[in-house]
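Numbering-wise, the sequence shown is residues 1 to 125 according to UniProt numbering.
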Amino acid sequence: MQQLGMEFGDPIVRDQQYRAVVSDAGEMVGFAQFFPLLGVTRLGLGLRPELCGRGLGLALVRAIVAEAERQAPEGEIDLEVHIWNERAIRTYERAGFVITDTYAKTTAAGTVDVHCMCYMPPAMD
């Protein structure tokens with residue numbers, strides 16, 4: 001994995017940035033990555049494919065955002081999502097994310113178009 005540039009294969013990065021998301025029953029439902037950038041935590045997240053479409057995505061995103069806020073209370077939070085992933089984009093928007101940029105990104109699988117979405121929590125009155 002490291003030869004392909006996949007940071008998950010690096011045990012130090014994996015320990016520092018990745019977390020399993022586990023249900024109350026102890027079942028792994030997904031994962032989260034908290035990638036530190038200057039003043040920003042970039043999220044990576046995934047839900048087990050067989051759990052998609054069951055209404056779990058919003059709760060997953062909200063829990064991951066809460067942890068990112070706990071880890072870096074003063075920092076911004078963003079994520080990247082493939083532009084074709086409309087279901088994820090809708091979930092992120094419902095969780096408070098807004099598309100702020102769209103660009104091509106080079107990955108191990110080739111170049112893909114992604115949206116950058118920033119978390120914009122509702123204003124407190």
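Every residue gets a Cβ at the ideal spot worked out from N, C-alpha and C, and that includes glycine. Everything numeric in this text was worked out from a predicted model, so none of it was measured.
Going by C-alpha distance, which of Phe35, Asp10, Gly26 and Arg87 is nearest Gln17? Locating residue 17 in the sequence shown gives position 17, counting from the first residue. When only C-alpha atoms are compared, the closest one is Phe35.
Report yes or no: do three or more beta-carbon pairs, one from the stretch 39-52 and one from the stretch 67-80, lie closer than 8 Å? yes
Where the alpha helix (DSSP H) through Ile83 begins and ends: Mapped onto the sequence shown, residue 83 falls at position 83. Where Ile83 is concerned, there is no enclosing alpha helix (DSSP H), given that its DSSP letter is neither H nor E.
Length of the line joining the Cα atoms of Arg54 and Leu47: Working through the sequence shown from its first residue, we reach residue 54 at position 54. Working through the sequence shown from its first residue, we reach residue 47 at position 47. Arg54 and Leu47: Cα-Cα distance of roughly 11 Å.
For Ala32 and Ile64, the rounded distance between their alpha carbons: Translated into positions along the sequence shown, residue 64 becomes position 64. Translated into positions along the sequence shown, residue 32 becomes position 32. C-alpha separation (whole angstroms): 7 Å.
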